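Colleague: Sharing a structure here in structure tokens format.
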Amino acid sequence: MVDPRRDHSIRIPRPDLSDKLGTPNACNQCHTDKSTAWATRYLREWYGEDLLNQPHYGEAIWAGRQLYPEAQPELLRLGGDPEEPPMVRATAISLLGGYPNQATVTLLRQTVSDPDPLIRYATLTVVQFAEAELIRDLAVPRLTDPIKLVRLMAANSLSAVPRALIPAGSLEDLNAALEEYNASLMINADHPSTHLNFGNLYLNTGNFEKAEASYKEAIELEPGLVGPYINLTDLYRRLNRDDEGEQVLRSALEKYPDLAALNYSLGLLKVRQGENEEAMVYLKNATTSDPSDPHYSYVYAIGLNSQNQPLEALKVLEEALVLHPYDRNILYSLATISMENGLREDAREYAQKLVESYPEDANYRQLFELLSN
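Take the sequence shown: its position 134, counted from the start at 1, is 1072 in this note's numbering, and no numbers get skipped.
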């Protein structure tokens, strides 16, 4: 049963999913002294196996958050099904950002004009990370969307697109939407995240001086917010001012030594400066501080391999693979580093998993065929 009021949803609990997905359920939130198996047994008695065998969108969303390849078909179905709740559809669409292939693009071209504004907004949150031409094609028509939230997301997405790619007839709409976006940010001008967003907007539009000032203001308002440190450092990188970026990161690490993003950013900076030994220290810190992010492990392993430590690199990648069994970068690096070091059968197994998980990628098939000969 679903209560028609928008603020309520009275559903039959699914304690069976709690064990699988780690989600709460109404049964055990009251019967705290009982197990999920106990609650599931009663559900089975009352409703039969049919209920427990019904697919649940939570399973697809959970798998999508783990970037499991087999989740994409169901995420595509959920995102494109007008019969599903809008929040479920929007969540599914947002997760498709982890599956940047043609099937995702095809759905985004449809959902960007969906009747529900939440779906249009979710689509643009994914589109903003695409290639400039795709951002233009999907975001420009939404600059005049009747819903302000959608207009602002379209403007933000287009702020980094070169003006030469924007149709001349849409530049006025873009400028109007950007002004509206600026005005909306000013409502919360005392919040550090507002100045972070201002900095990003100024960075996208090439106003580096204002971007720098905005990031510094965000840091002053909330020294514990990581984003402004990282973005300010990246701005200095673009301006060939890495020495100042290093000062920013070291100052932040004095206060927050275990924050992975700060260690990672400083590690990359030291690589750019040619100080590889010190860089490895910070890249390792990032990996150990936040093993939930496979990118840290991937970059650290690549660094180790470049320092003629391939076996150590393979060890880091193998540990990361346990937590991220379908990560493309982890699998590809395992395959190529294994191949380069004479571990051909291991390399073939990793390449085979890539082909099975991502059959649309010709590079993986080529690698697998090379290792199979």
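Note that CB positions come from ideal geometry on N, CA and C, so glycine has one too.
Computed from a predicted structure; not experimentally measured.
For the alpha helix (DSSP H) holding S1276, just list the boundary residues, first then last.
Modeller: Its alpha helix (DSSP H) spans residues R1266 to E1278.
Colleague: Just to confirm before moving on: does the CB-CB distance between Y1059 and V1026 stay below 8 Å?
Modeller: No, the Cβ-Cβ distance between Y1059 and V1026 is not below 8 Å.
Colleague: Work out the CA separation of P1161 and E1192 for me, nearest whole Å.
Modeller: One C-alpha to the other measures close to 12 Å.
Colleague: Near L1056, which residues of its chain fall below 6 Å by C-beta distance, leaving aside the five closest residues on each side in sequence?
Modeller: Answer for L1056: P1024 and A1028, listed in chain order.
Colleague: If you reduce the DSSP assignment to three classes, tell me which class V1316 lands in.
Modeller: The first residue shown for the chain is 939 and the last is 1311, placing residue 1316 beyond what the model contains.
Colleague: When you compare only the Cα positions, how much space is there between P1248 and A1199?
Modeller: Taking the straight line from one Cα to the other gives about 24 Å.
Colleague: Within the continuous alpha helix (DSSP H) that includes L1141, where are the two ends?
Modeller: Here the alpha helix (DSSP H) through L1141 covers P1130 to N1142.
Colleague: Using a Cβ-Cβ cut-off of 8 Å (strictly less than) and excluding sequence neighbours within five positions of E1278, which residues of its own chain qualify?
Modeller: The answer, listed in chain order, is P1248.
Colleague: Identify which residue in E983, P1297, Y1270 and D1265 has its Cα closest to the Cα of A1001.
Modeller: Per the Cα distances, D1265.
Colleague: Since P951 is in the alpha helix (DSSP H), which residue starts that stretch and which ends it?
Modeller: Neither: P951 is in no alpha helix (DSSP H) and is coded neither H nor E.
Colleague: Roughly how many angstroms separate the alpha carbons of S973 and E1147, rounded to a whole number?
Modeller: Taking the straight line joining both Cα atoms gives about 58 Å.
Colleague: Whole angstroms is fine: what's the gap from P1079's alpha carbon to E987's?
Modeller: If you take the alpha carbons of P1079 and E987, they lie about 47 Å apart.
Colleague: Count the other CB atoms within 10 Å of the CB of T970; is the residue buried (16 or more) or exposed (fewer)?
Modeller: Looking at its Cβ environment, which holds fewer than 16 other Cβ atoms inside 10 Å, T970 is exposed.
Colleague: Helix, strand or coil, according to DSSP, for R1058 in the structure here?
Modeller: DSSP places R1058 in helix when its eight states are reduced to three.
Colleague: Looking at Y1236 and I1268, is the spacing between their C-beta atoms short of 8 Å?
Modeller: Cβ atoms of I1268 and Y1236: closer than 8 Å.
Colleague: Apart from the five residues just before and just after P962, which ones in its own chain have a Cβ nearer than 7 Å to its Cβ?
Modeller: Closer than 7 Å at Cβ, skipping near neighbours: S956.
Colleague: Please report how far the alpha carbon of K1086 lies from the alpha carbon of S1032, in whole angstroms.
Modeller: Using only the alpha carbons, I get a separation of about 19 Å.
Colleague: First and last residue of the alpha helix (DSSP H) that includes E1298?
Modeller: No alpha helix (DSSP H) contains E1298, which DSSP labels as neither H nor E.
Colleague: Please identify the residue among A1115, V1099, R1175 and A1068 whose C-alpha is closest to the C-alpha of M1091.
Modeller: Comparing Cα positions, the closest option is A1115.
Colleague: Under 8 Å by Cβ, that's how I've got A1289 and A1273 pegged, so tell me the actual separation to the nearest angstrom.
Modeller: That belief holds up - the Cβ atoms of A1289 and A1273 are roughly 5 Å apart, short of 8 Å.
Colleague: How about Y1037 and Q1010: do their beta carbons lie closer than 8 Å?
Modeller: Contact flag set, yes.
Colleague: Output the distance between the C-alpha atoms of L990 and A998, rounded to the nearest integer angstrom.
Modeller: Going by the C-alpha atoms only, they are around 16 Å apart.
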